[in-house]
Every structure is written in structure tokens, then in C-alpha cells.
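In short: position in the sequence shown from 1, add 19, done, that's this note's numbering. Every residue, glycine too, gets a C-beta built ideally from N, C-alpha and C.
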Amino acid sequence: VEQHNTLMQAVSKANGVMASDDIPVVSSRLAGRHDLLHYDEVRMMLHVRNRCVTYGAGGRLKIDLQQLERHLRGELDGPMIRQERQTFQWLGQKEDGGALGDLKSTLPQRDMPPDMEERLTADLTQPAVASRCAQTVQIAIAFIQASGLSMASASDLQLSEYLASVLRDPSPDTLPSSVARSEVRLCHLDAFLRLLMQVMNLDPMEHVCDKYKADLPPDLAEELSAATACMPVEVDVLLEVFSAMGREYLTQEFMGAGEPMH
20 VEQHNTLMQA
30 VSKANGVMAS
40 DDIPVVSSRL
50 AGRHDLLHYD
60 EVRMMLHVRN
70 RCVTYGAGGR
80 LKIDLQQLER
90 HLRGELDGPM
100 IRQERQTFQW
110 LGQKEDGGAL
120 GDLKSTLPQR
130 DMPPDMEERL
140 TADLTQPAVA
150 SRCAQTVQIA
160 IAFIQASGLS
170 MASASDLQLS
180 EYLASVLRDP
190 SPDTLPSSVA
200 RSEVRLCHLD
210 AFLRLLMQVM
220 NLDPMEHVCD
230 KYKADLPPDL
240 AEELSAATAC
250 MPVEVDVLLE
260 VFSAMGREYL
270 TQEFMGAGEP
280 MH
């Protein structure tokens with residue numbers, strides 16, 4: 020993939036495309052035969068013989084190198100390949116891009132009731148305890164995803180029961196919150212993990228790649244600041260969306276820095 024992308028950058032530059040962000044990109048999961056390079060010496064020499072060679076006075080051989088270069092620019096031009104692999108979260112591994120999106124396709128998620136959030140917040144006052152709970156939630160998510168099976172029918176199963184019956188870990192130390200053990204269900208994993216991250220006060224930009232952290236132009240920053248007064252949704256809602264986007268999609272340099280967000 021690296022050699023392919025290096026060649027595509029060189030060919031695009033020869034064709035007048037100077038910025039890497041302007042070169043088409045296709046995911047390795049979606050790339051087809053037409054996106055890959057299929058060219059060899061035989062094809063090149065066939066083109067040279069048929070289109071680039073003439074004979075001058077006295078039978079002198081002439082090769083039209085400009086014609087050959089135009090041919091190569093067209094034949095070798097193509098999209099760059101963005102290498103993507105379906106991730107598996109090992110035990111204790113931190114949340115990575117797209118993990119919660121995969122969870123929602125396997126196990127439907129919904130928000131926790133407000134009173135339940137209040138009880139959890141009151142119970143989870145220490146970041147260390149929240150961190151231990153977050154690790155347990157991530158382990159549960161990893162196993163649910165690894166199963167590859169739809170678990171919609173188990174969405175109301177208590178998390179503590181899942182830990183005890185499926186993961187064979189009934190210890191209260193695994194989920195050191197009495198409220199979480201008694202009230203959190205598998206359908207709350209997404210919302211519970213968000214709450215835990217708030218308690219731990221994690222910076223959503225901490226693991227975001229540097230290429231996505233450029234400062235806003237002053238005029239755009241001023242427009243956004245003025246627009247917040249008339250937004251149809253609460254600013255906190257947008258902040259949560261952007262935080263989730265950073266955690267799930269911007270921790271690896273898969274997208275170009277200039278790509279639109281919509």
C-alpha cells in the first residue's frame with residue numbers, strides 16, 4: 020500500500036495535482052481491481068513499439084518520449100489506498116476509532132434516564148473508580164463485537180449479569196459501583212461510557228491526530244461564535260457530537276484534513 024501511494028503521489032504531481040489532499044482516496048475495504056495498478060514491461064514495450072517508435076533517415080530509430088510519458092501518466096494514474104482494518108479490542112485496550120459505531124450495529128443503544136445518570140454521578144465521585152468501570156465496559160464491548168452476532172434480544176440484560184454469566188467474572192471489584200451493578204444494562208453501554216469519560220475528565224482531543232487540530236481562521240471563529248446564539252440545538256449537544264467524532268474517527272489519519280465534515 021505504501022509503495023502504491025508513493026507512486027500515485029508521483030504520478031498525480033506529474034499530472035499537475037500538487038496537494039496530497041486533492042488526490043482521490045479509496046478505502047482498502049472497498050477497493051476493487053480497477054483501483055489497483057496492473058501494468059508491466061510487456062504492456063509498456065507494446066505501446067512503445069506501436070505508438071512511440073518511428074524510423075528516420077537511414078533507418079535511424081526515433082522514440083517519442085513525450086508520447087510515452089503521456090501514456091504512462093494515464094495508465095499509472097489512480098486513487099491512493101487508505102488502509103483500513105476491522106479492529107478488535109483486546110482486553111483492557113482503550114477505545115479506538117469506530118468501536119461504538121460497531122457496537123450499535125450489534126447491540127441497540129439508548130440513553131440512560133436522567134435520574135439514573137444522577138445516581139451514577141453521585142456514586143462515581145473518584146476518577147480511579149470511573150476508570151476501572153470504563154475498562155470493564157470496554158472489555159464487555161470487545162467481547163460483544165467479537166461474537167459477531169446480533170444481541171438485540173439481550174439489550175435489557177444487566178451489565179453485571181453479563182459479566183457474571185458470560186465473562187465469568189462476578190466480582191464486585193470488576194464494576195466498583197453499586198448503582199452500576201444494579202441499574203446499568205447492555206443497552207446503556209454507550210451512554211455509561213460517555214458518563215465515565217466525563218467523570219474521568221478526559222480531553223476528547225488528547226488522542227486526535229495533529230493534522231486535525233489546526234486553528235480556525237479568525238473570521239470563521241467569529242462567525243461560529245455569533246452563530247451559537249441562534250442554533251436550533253444546544254451547544255453542549257454539538258460539543259458531545261464533535262467529541263465523539265474525535266474519539267471515534269480522528270485518532271488515525273484516514274481522512275484528509277481538508278475533507279468536509281458532512
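Discussion item. Looking at the strands, I want to know which residues DSSP matches up with methionine 99.
Written reply: Val44
Worksheet item: In the DSSP assignment, what residue or residues form a beta bridge with glutamine 177?
Response: Arg204
Discussion item. Using a 10 Å radius around the Cβ and a threshold of 16 neighbouring Cβ atoms, would you call methionine 337 buried or exposed?
Written reply: Past the edges of the chain, shown from 20 to 281, lies residue 337, and the structure says nothing about it.
Item to complete: Specify whether the stretch 173–184 and the stretch 134–152 touch according to this definition: at least 3 beta carbon pairs, one from each stretch, less than 8 Å apart.
Response: no
Practice prompt. Would you mind giving the Cβ-Cβ distance between leucine 194 and arginine 200, rounded to the nearest angstrom? I have them listed as a contact below 8 Å.
Written response: That belief holds up - the Cβ atoms of leucine 194 and arginine 200 are roughly 5 Å apart, short of 8 Å.
Worksheet item: Which two residues bound the contiguous beta strand (DSSP E) that contains leucine 126?
Response: First-last for leucine 126: undefined, no H or E at that position.
Worksheet entry | Residue burial classification, aspartate 209 (beta-carbon count within 10 angstroms, cutoff 16) | buried
Worksheet item: According to the neighbour-count rule (16 or more other Cβ atoms, all chains shown, within 10 Å of its Cβ), is arginine 204 buried or exposed?
Response: With 16 or more Cβ atoms within 10 Å of its Cβ, arginine 204 is classed as buried.
Discussion item. Please state whether the Cβ-Cβ distance between glutamate 278 and lysine 230 is less than 9 Å.
Written reply: no
Worksheet item: Can you tell me whether DSSP reads threonine 106 as helix, strand or coil?
Response: Low confidence applies here, because threonine 106 scores a pLDDT of 49, under 50, leaving its location unreliable and the question unanswered by this model.
Practice prompt. Identify the continuous beta strand (DSSP E) that holds valine 72 and give its terminal residues.
Written response: 72–74
Worksheet item: Would the beta-carbon of glycine 275 fall within 9 Å of that of serine 39?
Response: yes
Worksheet entry | Distance between proline 237 and isoleucine 163 (C-alpha atoms, nearest Å) | 45 Å
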